[in-house]
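Visitor: Submitted below is the structure of interest, expressed as structure tokens.
Protein chains: 2
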Amino acid sequence: MSSDRKVISYIAASLDGYIAGKNDDLGFLSIVEQEGQDYGYKEFMQTVDTIIIGRKTHDKVISMGFPYPGPDSDLDVYVITHQERPAEGRVTYYTGDLTALINELKSKPGKNIFCDGGAEIVNLLFGQKLIDEIVISVIPILLGDGIRLFKDGRPEQKLVLQSSTTFEKGLVQLHYIVA
Amino acid sequence: MSSDRKVISYIAASLDGYIAGKNDDLGFLSIVEQEGQDYGYKEFMQTVDTIIIGRKTHDKVISMGFPYPGPDSDLDVYVITHQERPAEGRVTYYTGDLTALINELKSKPGKNIFCDGGAEIVNLLFGQKLIDEIVISVIPILLGDGIRLFKDGRPEQKLVLQSSTTFEKGLVQLHYIVA
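Just so you know, the sequences run in chain order A and B. Under the numbering used here, the final residue of the first sequence carries the number 179; numbering is consecutive throughout. Under the numbering used here, the final residue of the second sequence carries the number 1179; numbering is consecutive throughout.
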């Protein structure tokens, strides 16, 4: 479906392709922490009005105390889950088909759609060729083990490099459009 | 062991971390082929005098008809294999311990040591913390499946970004020093 709304996977990963270490450890992200440096996150968030997130990742983000878009946010949040649950304000718990959800979102006007992980949702979306752009922030570390961003068994997809940005702490942000 | 000789993993991989597709297919490398553009390979090769390569990858390279450093080359080649076989000129078939080999090479003066793959050897070397630098040429494609560069179960290793170079065909070459 042609639409101006793009589905964007925007995520940080170690050079060896993990988005978390063993036991979901996100401690490696601290090596790129820098006062006043958000690696373009705020600017990116102004281009989206909808977030798609897996249930486990949503729970994790909330448990970490982040002020994640809640019922009072002006962002629509779709939490992908197996368990039906009533919506809370703008937070919808979605148990249906992902292609149907993306088609429905793209049929309406709006800003871009941010796929905020985790790996399970990212791979479901790539598996159904539903991702239009991917922004990976490569963290300068080999974690050696953990949760992989990309699982085996997805379709081949060519990419067009849009930009590559290098930051002081050694983070390289790669932005691709899925061809 | 302190030495001026560095062991360098220099390799191309898809954005999703594969160095070959299914059935060892290397066809994806053609998307970055460009007349007169070798992505720094010749310059890199002038900094090394020794190559470490897995037996399977060595067979593959030779079967593809590449003029791979043979007995008459001025490069020392160590083919890592389980099967003993007499040396052929500068090509040594090595069945021993990798740490011992690297220690021996580093104890002598010389240029850098190029780990030319495949994934099995790269992972053995990372597993024993024997890699000093890593250069990854990220090819703009998601292969979806294939031979992964990085396997699970390696030690965590911090990296220092040395450079990130973007090329016209969308290849991004990331150069890290292992901390």
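Using N, Cα and C, we set each Cβ at its ideal position, and we do this for glycine too.
Under a Cβ-count criterion, where at least 16 other Cβ atoms within 10 Å of its own Cβ denotes burial, should B/Q1157 be classed as buried or exposed?
Guide: By the neighbour-count rule (16 or more Cβ atoms within 10 Å), B/Q1157 is buried.
Visitor: What is the residue span of the beta strand (DSSP E) that A/L159 lies within?
Guide: Element bounds for A/L159: Q157 to T166.
Visitor: For A/L159, which residues in chain B fall below 8 Å Cβ to Cβ?
Guide: Within chain B, the residues near A/L159 are L1015, P1140, I1141, L1142 and G1170.
Visitor: For a test of the three-state rule: what should DSSP assign to B/A1013, helix, strand or coil?
Guide: Strand, per DSSP.
Visitor: Between B/E1156 and chain A, is there a C-beta pair that is closer than 9 Å?
Guide: It does; some Cβ of chain A falls within 9 Å.
Visitor: Nearest to B/I1053 by CA position, among B/M1045, B/A1119, B/N1103 and B/Q1037, is which residue?
Guide: That would be B/A1119, whose Cα lies nearest to the Cα of B/I1053.
Visitor: Could you say which of A/D49, A/I147, A/E43 and A/I177 lies nearest to A/D24 if we only look at CA atoms?
Guide: Among A/D49, A/I147, A/E43 and A/I177, the Cα nearest to that of A/D24 belongs to A/I147.
Visitor: Quick one: measure Cβ to Cβ for B/A1013 and B/V1135, integer angstroms, because I've assumed they're closer than 8 Å.
Guide: B/A1013 to B/V1135, Cβ: 11 Å. No contact.
Visitor: On the DSSP letters alone, give me the boundaries of the alpha helix (DSSP H) that B/D1059 sits inside.
Guide: Segment R1055 to S1063, the alpha helix (DSSP H) holding B/D1059.
Visitor: For B/L1075, go through chain A and note every residue whose CB falls closer than 8 Å to its CB, in chain order.
Guide: Simply none; closest approach about 27 Å.
Visitor: From what residue to what residue does the alpha helix (DSSP H) around A/L101 run?
Guide: It spans L98 to S107 - the alpha helix (DSSP H) in which A/L101 sits, taken as one unbroken run.
Visitor: When you compare only the Cα positions, how much space is there between B/Y1078 and A/K22?
Guide: Straight-line Cα distance between these residues: approximately 34 Å.
Visitor: Taking the alpha-carbon positions, what's the A/L149 to B/D1038 distance?
Guide: Distance between the alpha carbons of A/L149 and B/D1038: 29 Å.
Visitor: Contact criterion: CB-CB distance below 9 Å. Does A/L98 meet it with respect to chain B?
Guide: A/L98 does not count as touching chain B.
Visitor: Note down, in chain order, each residue of its chain lying with its Cβ closer than 8 Å to the Cβ of A/L161, except the 5 sequence neighbours on either side.
Guide: The residues are L174, H175 and Y176.
Visitor: Got a sec: which bits of the stretch 21–42 of chain A sit with their beta carbon under 9 Å from any beta carbon on chain B, in order along the chain?
Guide: Answer set for the stretch 21–42 of chain A: G21, F28 and I31.
Visitor: Using 8 Å as the Cβ pair cut-off and three pairs as the minimum, do the stretch 1081–1091 of chain B and the stretch 1028–1037 of chain B touch?
Guide: At 8 Å Cβ cutoff, the stretches do not touch.
Visitor: Please name the residue in B/S1009, B/Q1034 and B/A1020 whose C-alpha comes closest to that of B/L1171.
Guide: Nearest C-alpha to B/L1171: B/Q1034.
Visitor: Could you tell me which residues DSSP puts in a beta bridge with B/V1048?
Guide: Answer is B/N1112, bridged to B/V1048.
Visitor: Under three-state DSSP, which class holds A/Y68?
Guide: In this structure, A/Y68 counts as coil in the three-state DSSP scheme.
Visitor: Counting only C-beta atoms, is B/Y993 closer than 9 Å to chain A at any point?
Guide: Look at the range of chain B in this structure, 1001 to 1179, and you will see that residue 993 of chain B is not part of it.
Visitor: Alpha carbon to alpha carbon, what distance is there between B/T1099 and A/D116?
Guide: Going by the C-alpha atoms only, they are around 41 Å apart.
Visitor: Could you check which residue in B/R1055, B/P1155, B/L1124 and B/D1097 has the C-alpha nearest to that of B/Q1083?
Guide: Checking every option, the nearest Cα to that of B/Q1083 belongs to B/R1055.
Visitor: Please list the partners that A/R132 has in chain B, where partner means a Cβ-to-Cβ separation under 9 Å.
Guide: Sequence check: residue 132 of chain A is Asp here, not Arg. Chain B residues near A/D132: none, gap ~13 Å exceeds 9 Å.
Visitor: Name, please, each residue of chain B whose Cβ falls closer than 7 Å to the Cβ of A/S137.
Guide: Correct list: empty, because the minimum Cβ distance to chain B is about 12 Å.
Visitor: Does the Cβ-Cβ distance between A/I8 and A/I19 come in under 9 Å?
Guide: Taking 9 Å as the Cβ cut-off, A/I8 and A/I19 do not qualify as a contacting pair.
Visitor: Is there at least one Cβ from chain B nearer than 9 Å to A/G153's Cβ?
Guide: Taking Cβ atoms only, chain B reaches closer than 9 Å to A/G153, which makes this a yes.
Visitor: Name the chain A residues whose beta carbon is nearer than 8 Å to that of B/S1164?
Guide: S164, T166 and V172, listed in chain order.
Visitor: Roughly how far, in whole angstroms, is the beta-carbon of B/I1005 from the beta-carbon of B/G1110, given that I think they are within contact range, below 8 Å?
Guide: The identity of residue 1005 of chain B in the sequence shown is Arg, whereas the question assumes Ile. Indeed, because the Cβ distance is near 5 Å, the residues count as touching under 8 Å.
Visitor: What residues are listed by DSSP as bridge partners for A/S73?
Guide: The partner list for A/S73 (beta bridge, DSSP) is empty, contrary to what the question assumes.
Visitor: So which residues on chain A does B/D1059 lean against when the C-beta distance must stay under 9 Å?
Guide: Simply none; closest approach about 24 Å.
Visitor: With a cut-off of 9 Å, does the C-beta of B/L1149 fall near any C-beta of chain A?
Guide: Cβ-Cβ to chain A under 9 Å: yes for B/L1149.
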